[in-house]
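Counted from 1, the sequence shown has number 191 at position 6 by my numbering; the numbering is strictly sequential. Note that beta-carbon positions come from the ideal geometry of N, C-alpha and C, so glycine has one too. These figures come from a predicted structure and were not determined experimentally.
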Amino acid sequence: MTNYSIDRRTALYGAAVAAAGATLAACSSAGTTAAAASSTASSDPANSTVEANAIGDVAPAPTSAAAVSGAAAAENGLGSAAAVKVGGGVIFEAAKIVVTQPTAGSYKAFTAVCTHQGCIVASVANGAITCPCHGSSYSIKDGSVINGPATAPLAEAKVTVSGGTIKLG
């Protein structure tokens, strides 16, 4: 039997390569989860928010914020202001916009694209806009980061409400 020995430098190099491979594999599966979340969310607009568990499985989850289909958004602006409850919000997936109403009559809009890795946010509840990919959450008041790993706020978008319809611009 042959006795193989490796020096410390070779062992550490092998461990570093293995760790880098595992990290890359974890990052590449995040895009798959986001795509699955987006397709799951689009299939049932009435109840289309999603949550991802630690393994990356995606399952529908009820929430007060309903995502609105692209067809409805294209016809009359983004959608109905009545759908945006005080203290909550609605995700308009086709436009990649989330509209919130932090206080009665005050509507705020932000990009629905998480600043961490570009996933579409999936829910608005308890004063927070939440991303399903890694759990980042943002304030419905100003889009600022409440909980990371995201470090940058959601970009603000301008919306107007006219005749009960939310419109960009």
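Nearest residue (CA-CA) to residue i, options the options
i: residue 298; options: 343, 337, 350 and 348; result: 337
i: residue 325; options: 284, 301 and 334; result: 284
i: residue 279; options: 321, 318 and 306; result: 306
i: residue 290; options: 311, 300, 272 and 281; result: 272
i: residue 270; options: 311, 333 and 302; result: 311
i: residue 327; options: 288, 262, 281 and 302; result: 288
i: residue 313; options: 319, 345, 301 and 329; result: 329
DSSP state of residue i mapped onto helix, strand, coil
i: residue 310; result: strand
i: residue 266; result: helix
i: residue 279; result: helix
i: residue 357; result: In this structure the chain extends from 186 to 354, so residue 357 is not present and cannot be described.
i: residue 325; result: coil
i: residue 286; result: strand
i: residue 271; result: coil
i: residue 350; result: strand
i: residue 227; result: Bear in mind that a pLDDT of 38 at residue 227, under 50, signals an unreliable position, so the model cannot answer this.
i: residue 315; result: strand
i: residue 300; result: coil
i: residue 219; result: Model confidence at residue 219 stands at a pLDDT of 39, short of 50, so the residue's coordinates are unreliable; what they give is reported in the following sentence. Three-state result, residue 219: helix.
Cβ neighbour criterion (16 or more within 10 Å) applied to residue i
i: residue 293; result: buried
i: residue 315; result: buried
i: residue 321; result: buried
i: residue 238; result: At residue 238, the pLDDT of 30 sits below 50, so the modelled position is not reliable; the number obtained from the coordinates is stated separately. By the 10 Å Cβ count, residue 238 comes out exposed.
i: residue 303; result: exposed
i: residue 340; result: exposed
i: residue 333; result: exposed
i: residue 268; result: buried
Contact with chain B by residue i, beta-carbon distance below 8 Å
i: residue 333; result: Although the question refers to chain B, the structure presented lacks it and comprises just one protein chain.
Cβ-Cβ separation, residue j to residue i (assumed contact under 8 Å), whole Å
i: residue 265; j: residue 349; result: 6 Å
i: residue 296; j: residue 342; result: 6 Å
i: residue 309; j: residue 331; result: Not quite, the Cβ-Cβ distance comes to about 12 Å (not below 8 Å), so this is no contact.
i: residue 262; j: residue 351; result: 6 Å
Any non-hydrogen atom of the ligand COA within 7 Å of residue i CB
i: residue 305; result: Because no ligand of any kind appears in the structure shown, any question about the ligand COA cannot be addressed here.
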